[in-house]
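Residue numbers (the working numbering), protein chains in the order written: chain A, 2 to 220; chain B, 2 to 220.
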């Protein structure tokens, strides 16, 4: 398992100082995200579709309806790109040109493979559910054979990837530094609200602990 | 200007009840987002890159370094896909299979065109900056000729697009409805924190109003 996921196709050309190919950096960003954007090509046209995913070691799992074009394309082993982006803040500089965004993103490229064996498929679905809400899988009804048949699950090896990170205050040019304009960062974070039980949940049922203290960032 | 952005390529096949091709629905989602994921193809490999954007009427603008592969590909008029996704909540059902995410997404496809005329380029950059932080452009130093030369700006017509929206509580199957498992929604939203001035900003400088009350959703 390579610790460095650099290939000629994942080299960072722009703002190389923001780039990383370190597996630990890439995995930490992937683990904080739970939605990715998957790119594939159909008739020469690229499509980018949001999807959930999970990670177990060096494998990323995706799932979806067996009839969707996205999953059929992934299962066929076509070239794909999986990108996640975490937004950390708006960067307000003294010039329009130096405005930026604080973010952490990962781009993974490769070809996925379909998971057909039942136990492996269930294990991958557990990885996806527990990636989004750790601990949830063990409390809910597992999938039936019919549900499994209706679901395509694919694995994408985390072998060719890059991370890009921008953090910190704006970087203004010397000529702008005496400008009286307010400059700095507006932090942003994806924040959970109070959990809302559905109508079938008993009114006195406690909110599960994994929701009451839900946080994406692993401490 | 068509009010309906349906084409054979933007038909919604899966969960068609969640789909829309209505221009007003699509524009509202685009206007709440400020980061998109742009897909393009290079040597048969799709790439998906996060980018800022802005909208003026039926045109989306993107900008970036003139030397980046993304901007060179966009400016060359290659087929592209621009996707935005707003995350509204986690949907926790009583079965693993019926778990979902509440979200609003838009997929736009087409070919971009480079903007070369100076005034039009400046206008497009203003659209992008003010899309992210309304009112910011008028306070900061505008771009120099050199900065404009280093920046590629492209326009993508909002002509072929679809929206997809999932909202509301989990939908469990009849067999699961008596399950004692807590089910419902954990709302999520991208939330601003307190603005952090940089070291060059005067300690007594007030935080601009557009940051103190920053909100993506237009009321």
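Where is the CB? At the ideal position from N, CA and C, for every residue including glycine.
What's the call for residue i, buried or exposed, on a 16-neighbour Cβ count within 10 Å?
i: residue 65/A; result: buried
i: residue 186/A; result: buried
i: residue 173/B; result: buried
i: residue 90/A; result: buried
i: residue 94/B; result: buried
i: residue 100/B; result: buried
i: residue 132/B; result: buried
i: residue 214/B; result: exposed
i: residue 162/B; result: buried
i: residue 169/B; result: exposed
i: residue 197/B; result: exposed
i: residue 141/A; result: buried
i: residue 42/B; result: buried
i: residue 127/B; result: buried
i: residue 117/A; result: exposed
i: residue 203/B; result: exposed
i: residue 125/B; result: buried
Residue i and residue j look like a contact to me (Cβ under 8 Å); what is the Cβ gap, rounded to whole Å?
i: residue 51/B; j: residue 38/B; result: 6 Å
i: residue 199/B; j: residue 171/A; result: 6 Å
i: residue 98/B; j: residue 144/A; result: 5 Å
i: residue 19/A; j: residue 166/A; result: 6 Å
i: residue 7/A; j: residue 27/A; result: Going by Cβ atoms, the distance from residue 7/A to residue 27/A rounds to 11 Å, so no, they are not a contact pair.
So what does residue i bridge to, in DSSP terms?
i: residue 188/A; result: 90/A
i: residue 45/A; result: The partner list for residue 45/A (beta bridge, DSSP) is empty, contrary to what the question assumes.
i: residue 54/B; result: 63/B
i: residue 232/B; result: Outside the shown range of chain B, which is 2 to 220, sits residue 232/B, and nothing can be said about it.
i: residue 36/A; result: 53/A
i: residue 197/B; result: 186/A
Given a cut-off of 9 Å, decide if residue j and residue i are closer than it, judged by their beta-carbon atoms.
i: residue 155/A; j: residue 113/A; result: yes
i: residue 62/A; j: residue 70/A; result: no
i: residue 22/B; j: residue 164/B; result: yes
i: residue 157/A; j: residue 109/A; result: yes
i: residue 183/B; j: residue 182/A; result: no
i: residue 211/A; j: residue 136/A; result: yes
i: residue 216/A; j: residue 193/A; result: yes
i: residue 83/A; j: residue 40/A; result: yes
i: residue 15/A; j: residue 68/B; result: yes
i: residue 191/B; j: residue 106/A; result: no
i: residue 1/A; j: residue 218/A; result: In the structure as shown, chain A begins at 2 and stops at 220. Residue 1/A is therefore absent and cannot be evaluated.
i: residue 180/A; j: residue 148/B; result: no
i: residue 130/A; j: residue 102/B; result: no
i: residue 239/A; j: residue 122/A; result: Outside the shown range of chain A, which is 2 to 220, sits residue 239/A, and nothing can be said about it.
i: residue 54/A; j: residue 88/A; result: no
i: residue 201/B; j: residue 178/A; result: yes
i: residue 119/A; j: residue 139/A; result: no
Complete runs of the alpha helix (DSSP H) confined to the segment 75-129 of chain B [at least 4 residues] = none
task = Kindly provide the ranges of any beta strand (DSSP E) runs that are 3 or more residues long and lie completely inside the segment 118-182 of chain B, ordered along the chain.
result = Within the segment 118-182 of chain B, the complete beta strand (DSSP E) runs of at least 3 residues are 152-158 and 162-167.
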